[in-house]
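Going by the working numbering, the first residue of the sequence shown is number 892, and it counts up by one from there.
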Amino acid sequence: VETGHAPSLPGHVHTIMRRLVIAGLITAAAWCGPARAADAVAESLAAGWENYRLNEFDRALRFFTEALQQAPAGSESHLQALYGLGTTWNLRRPGEDREKAAGYYRQIMDAAPEGDVGAWTALALARIQHLVPVGEEPDLHAVRRAYREVMIRYPGHLAAKEAFIYSMSTYIATLEEAQTRYAIANLQRFVRQPGAREFVQPAWSLMAVGHTTLKEPELRLRAEIMSLKTTEVDPSNPFNEFAWAYWNIATVAEFEVGDFATARAYYQRLLREYPNDIRVFGVKQALKRMDDLEAGMRK
């Protein structure tokens, strides 16, 4: 069960510009420093992330290596360059090298584990344990322990909140009732916390998966609606699109819950907002189907 987004990876990670958290590690100080050398390091880091975003991984590695060579040892820019190298080797496809990535990450943890870069690096090391190659099975006990260590070491940090979501996904993914209920209970507490805003949407999305496993369609419908309502929209992203979410909610409401009012509302939203969507014919058929059924019942 994956809820995250990241650039360049099929499926899971598709815009780790939820990992612009990472780009956020390029601090204002690095950009505005008076020294020309600091400007050169900042430019190399920015070029590294831009090429990473474009899937130009070899060029990204070259720029991050330049930044690493230029930055003073132990400086924030030096740590950021190590993080860029580790992330590129970890997440590039093809040609990933998890061992090389872990080596760069460990250099950060040895040098400065308590800072911002340290928090994201600890999460990255936990993710390496979780996202094993195809054909292998992760050691869930070790994975959960790694996520728990991130949560304990960096309380309140975004990395700790993300670690919590990933940790709960390991219980949901088992499809076992007891573990699924355990995860849902924790996620319900999480979404009520005022500091959980950044990860409320994936929490509701995970709960929807859990309620599907438990065959609780009414609770699943509520979770699907809350997941949509709490989605944060990036106005600069031209690829924001909710047609599938509307369709999903409408079909759950129609077929699993029998809530025709909610089904109609979301079918009609899809028609209004995406009149050229491939699902439009199915939406019209669904609206007619519900009308005919209700007319037959009244008759």
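Using N, Cα and C, we set each Cβ at its ideal position, and we do this for glycine too.
- Non-local C-beta neighbours of tryptophan 1138 in its own chain, meaning closer than 7 Å and more than five positions away in sequence, comprise Leu1161, Arg1170, ordered along the chain.
- The region 940-958 makes contact with the region 976-985; the number of CB pairs closer than 8 Å reaches 3 or more.
- Distance from the Cα of threonine 1071 is smallest, within the candidate group Thr1103, Val1091, Leu1112, for Thr1103.
- The count of Cβ pairs closer than 8 Å, one atom from the region 1006-1017 and one from the region 1050-1060, reaches three, so the stretches are in contact.
- Bounds of the alpha helix (DSSP H) holding histidine 1021 are 1007-1021.
- The C-beta of tryptophan 1011 has 16 or more other C-beta atoms within 10 Å across all chains shown, which makes the residue buried.
- Here the region 1112-1123 lies against the region 1085-1102, with 3 or more beta-carbon pairs under 8 Å apart.
- Distance between proline 1046 and phenylalanine 1172, taken at the CA atoms: about 49 Å.
- Assignment of alanine 1134 by DSSP, reduced to helix, strand and coil, places it in the helix class.
- Secondary structure of valine 1124 (DSSP, three-state): coil.
- The region 990-1003 makes no contact with the region 1024-1033: fewer than 3 CB pairs, one atom from each, lie closer than 8 Å.
- In this structure, tyrosine 1158 lies away from alanine 1136, with their beta-carbon atoms at least 8 Å apart.
- Selection Ala1050, Thr1061, Val1041 evaluated against glutamate 1028 yields Thr1061 as nearest (Cα-Cα).
- Setting aside the 5 residues that flank it on each side, glutamine 961 is surrounded in the same chain by Ala928, Ala931, Val932, Ser935, each with a C-beta closer than 7 Å to its C-beta; the list follows chain order.
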